[in-house]
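Peer 1: Numbering (full-length UniProt numbering), first residue to last: 1 to 110.
For glycine and all other residues, C-beta sits at the position ideal for the given N, C-alpha and C.
The structure under discussion is supplied below as structure tokens; questions concerning it will follow.
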């Protein structure tokens, strides 16, 4: 697996289908960097909420982390914070929750 080292080209973009497969196999841990209210309104099953507004890479769980947000911008910003802190991650969901939903994958709504 590739890990993000701080350069945009190093950040692996998971497609929704790639992420679905990796989650089903238990290969990655999904971290949602949207705010708590956004996460509570709609989320990918099993995603852990760590909002960008208070994001601390050193509090992430152990494992191959994939970040996601609504469209991919905040997850890329969180990945940058991880790189600066020396915390390696597996990548982020390209297009975020919007791409996941557009791919016809399940979104948990409350």
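Excluding sequence positions up to five away, which residues of its chain have a Cβ less than 8 Å from the Cβ of residue 109?
Peer 2: So the list reads 41, 42, once near-sequence residues are dropped.
Peer 1: Using CA atoms only, rank isn't needed, just tell me which of 94, 39, 35, 56 is closest to residue 86.
Peer 2: Checked all of 94, 39, 35, 56; the closest Cα to residue 86 is 56.
Peer 1: Quick check on the DSSP output: what are the complete beta strand (DSSP E) runs of length 3 or more inside the stretch 18-47, in order along the chain?
Peer 2: Here the runs fully enclosed are 29-32.
Peer 1: Helix, strand or coil for residue 49, going by three-state DSSP, please let me know.
Peer 2: If DSSP states are grouped into helix, strand and coil, residue 49 belongs with the strands.
Peer 1: Taking residue 53 as the reference, which of 14, 74, 18 has the closest Cα?
Peer 2: The candidate whose alpha carbon is nearest that of residue 53 is 74.
Peer 1: Suppose the cutoff is 7 Å on Cβ atoms and the five residues either side in sequence are ignored; what does the same chain contact list for residue 49 look like?
Peer 2: Once the five neighbours on either side are set aside, the close Cβ partners of residue 49 are 32, 36, 39.
Peer 1: Taking the Cβ atom as the reference point for each residue, do residue 101 and residue 92 lie within a distance shorter than 8 Å?
Peer 2: In this structure, residue 92 does not lie closer than 8 Å to residue 101 by Cβ.
Peer 1: Taking 6 Å as the limit between beta carbons, can you name the residues of its chain near residue 13, skipping five residues before and five after?
Peer 2: Once the five neighbours on either side are set aside, the close Cβ partners of residue 13 are 94.
Peer 1: On a CA-only basis, which of 45, 89, 83 is nearest residue 107? Give me that one, please.
Peer 2: When each option's Cα is compared against that of residue 107, the closest is 45.
Peer 1: Ends of the alpha helix (DSSP H) at residue 96?
Peer 2: Residues 96-102.
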